[in-house]
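Chains as they are written, first to last, in this note's numbering: chain G, 8 to 351; chain Y, 125 to 570.
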């Protein structure tokens, strides 16, 4: 019994929507952590508190997108979830550790205002894990694109060796993920700050933009050597339009940041991230695990996917207005937006 | 240590840790609803202060619950990929629905926490309602998946062992779902009620007998006392359900090796699998037959009626079960005592012994919670999906679980230590603010 291709396509679409939301929202939160780590200059403390104010009310909601992605994956494509879990046991455990340390340290730091020493340690936990987690996510995606996750021929999978992640392409993919997160965060922060602090984040957005350009420029040629099926689609196939628009959007984002059109820069940066993510998603199609397992072969039954997609649509009807309220209250240009901590 | 053992220990410790915070996620919104509702009705500032304090503490426990819950979502795959491969296409949907419930809870918690000064009173109060509902709904979906492991439904296995005829709705509403759901939901409300009451009882023992502490204790105790009798009833429903669906588990819970007519209930004692006796227990005649079948003459199947390779470890299951029912029943007492004292001897509610007892109920309720969870999950062993897929066949083929188990255990210890430390400091800061405010009032420089 095969699953209907339309249902499979819709499920992959939901998966990519979830990943996009995670990349844009949680990605910016991780990037905030990165800038906390690299806070510098005379305003380093103001930088840190601006980051904390921006992330505070929304990071938990943003974080839920990864849970969404995981549950969509194991409901719609259980075989792919099993393959990734076995093959990426080590890196996924590391990512998990990063997610836990990031969230817990951030909350602990926010509530430890009278213990400076402890607060500094929580700050380190928060910022270091904000750097490691997106790197490990990017490197894992890179390793899969290389075809490092291989079936064992007995219906199972070989765990990917650590050395497979320390290869040029996964490392560049990891660095690209970190640069993208940092770029998003700095761009968003220019909208939520003023004066000299805003200039600090503008400079950081430009630096991260440079990083994105560098690692993006490295990733494409490297993919032609190490991730051939992916590069074929990226450079000559169906993902090419997305790659080209990604490049153009990155350039536009850089220019508008340079000219201080911050409100515009924010949306261009988001569009750029979406282009990169969907470019990768489209290039990897039809494989969940390149080139061994297609989404089609990993899919649940028709009955399951049908009910599941209806449930996702119904859930979205409830979720979207709630998300709108949240971002409207905390990010919607309220007169003193971002000026209150929890129960300040 | 085998990889299987390490995987089981990592999953077990993660769940044992997460359940504590999950329970606060379910119960705290109800307490916030009560406190803030009372403030809106009466205008008494003590209620507002309680709601504000609880919301700050809840922010910390909720975050730990969120990250530890994420770990579980990943660990289901990392440790048990064969289980997820099998179960995902059948019971994945409630997990996704729980994802939505969790989204709603996180959104309205953020609005609630950060909205004290930004939203109108009404709008702020209105946030608690979706917060509480999404906690109850989240429990609904997670327990649906969990109860499906106990009583799998909504699919058929063909001769080749492949899954066919998947019915996600039938899987969600599997035979043991409702008893499991209500038993967990009320357990959460009782635990949070006692935990809150214990905190304020401890404060009163230190001489802080102001209105704030008395009202904090009262709200916690009333919530616990109202749901405790209902919880005993849902426990009875669980016994009936287990008798029907998992008779071997029932036998292990009761330490009953031999099939017995008019079976007694054996309290405590150590089940010995070699002699097939539960040694040193206290027998209460007929009670097991009554509990399971509502009939003192009914015959209850012993563990001997089932193949030995399918037995759970009766020592763990029996002792956990006994802990749950004895300590759990004892948790009826504070409510009954308080009801009596409130009508006849109000001064007893201020008495040292009562307050000491209330302090003990906090940890006791969580011991009962963990014991109940151990009963139901250890009683499921050796199966991951009851009578379908064994735990040993679900485990990952990846190696090197032990170092991760140790790492995550250290993380849990750190989270617990720092979590408690931060909550204590939070309470301390509140007291310092109060003292400072009093000084300001006395010296007249408001």
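All C-beta atoms, glycine included, are put in the ideal place defined by N, C-alpha and C.
- Per DSSP, residue 126 of chain Y is not a residue of any alpha helix (DSSP H), being assigned neither H nor E.
- When Y/323, Y/188, Y/309, Y/343 are compared, the shortest CA-CA separation from residue 172 of chain Y is found for Y/343.
- Contact fails between the region 276-292 of chain G and the region 254-265 of chain Y, because fewer than three Cβ pairs, one in each stretch, are under 8 Å apart.
- At a cut-off of 8 Å between beta carbons, residue 209 of chain Y contacts chain G.
- Contact between the region 41-57 of chain G and the region 167-182 of chain Y is not established, with fewer than three Cβ pairs separated by less than 8 Å.
- Residue 177 of chain G carries a helical assignment under DSSP once its states are collapsed to helix, strand and coil.
- Going by DSSP, residue 416 of chain Y is part of the alpha helix (DSSP H) stretching over 411-417.
- Against chain G, a Cβ distance below 7 Å from residue 202 of chain Y picks out 92, 96, 99, 100.
- Check the Cα spacing between residue 224 of chain G and each of G/176, G/321, G/117, G/262: the tightest is with G/176.
- Residues are counted here when their Cβ sits less than 7 Å from a Cβ of chain G; for the region 134-147 of chain Y the count is zero.
- Taking all protein chains shown into account, residue 298 of chain G has fewer than 16 neighbouring C-beta atoms within 10 Å of its C-beta and is therefore exposed.
- Cβ atoms of residue 273 of chain Y and residue 510 of chain Y come within 8 Å of each other, at about 7 Å.
- Straight-line spacing of the CA atoms in residue 253 of chain Y and residue 236 of chain Y works out to 10 Å.
- Among the residues of the region 218-233 of chain Y, those with a Cβ less than 8 Å away from any Cβ of chain G are 219, 220, 221, 222, 223, 224, 226, 227, 228, 230, 231, 232, 233, in the order of the chain.
- Per DSSP, the unbroken alpha helix (DSSP H) holding residue 285 of chain G starts and ends at 269-291.
- Within the same chain, and ignoring the five residues on either side of residue 137 of chain Y in sequence, the residues whose Cβ sits closer than 8 Å to its Cβ are 529, 532, 533, 536.
- Distance between residue 250 of chain G and residue 241 of chain G, taken at the CA atoms: about 7 Å.
- Proximity of the region 245-252 of chain Y to the region 144-160 of chain Y meets the contact definition, three or more beta-carbon pairs being nearer than 8 Å.
- A contact between stretches requires three or more CB pairs, one per stretch, nearer than 8 Å, and the region 324-340 of chain G meets this requirement with the region 57-74 of chain G.
- Scanning its chain for C-beta atoms nearer than 6 Å, with the 5 sequence neighbours on each side dropped, one finds around residue 456 of chain Y the residues 352, in chain order.
- Chain Y places no beta carbon closer than 8 Å to that of residue 151 of chain G, leaving this residue out of the contacts.
- If you look at residue 396 of chain Y, you'll find it in the beta strand (DSSP E) that goes 394-396.
- Contact check for residue 314 of chain Y against residue 355 of chain Y passes: the beta carbons are separated by less than 8 Å.
- Residue state for residue 384 of chain Y is assigned as strand, using DSSP reduced to three classes.
- Chain order gives the chain Y residues near residue 332 of chain G as 231, 235, where near means a beta carbon separation below 8 Å.
- By the neighbour-count criterion, in which 16 or more other beta carbons inside 10 Å mark a residue as buried, residue 52 of chain G falls on the exposed side.
- Within the same chain, Cβ atoms closer than 6 Å to the Cβ of residue 423 of chain Y are found at 385, the five residues on either side in sequence being excluded.
- Counting only residues of its own chain and dropping the five nearest sequence neighbours on each side, residue 525 of chain Y has a CB closer than 8 Å to the CB of 127, 130, 131, 134, 203.
- Counted as a single uninterrupted DSSP element, the stretch harbouring residue 391 of chain Y is not any alpha helix (DSSP H) but the beta strand (DSSP E) occupying residues 389-391.
- Taken atom to atom, the span from the alpha-carbon of residue 231 of chain Y to that of residue 239 of chain Y is near 11 Å.
- Contact of residue 82 of chain G with chain Y by beta-carbon distance below 8 Å involves 212, 213, 216, 217, 219, 220.
- Secondary structure remark: continuous beta strand (DSSP E) runs of at least 3 residues inside the region 13-47 of chain G: none found.
- In the DSSP assignment, residue 407 of chain Y falls within the unbroken beta strand (DSSP E) covering 406-408.
- Cβ-Cβ separation between residue 360 of chain Y and residue 300 of chain Y: approximately 14 Å, too far for a contact (criterion under 8 Å).
- Contact annotation: residue 307 of chain G and residue 82 of chain G have beta-carbon atoms nearer than 8 Å.
- Checking the DSSP bridge columns, you'll see residue 165 of chain G has no partner listed.
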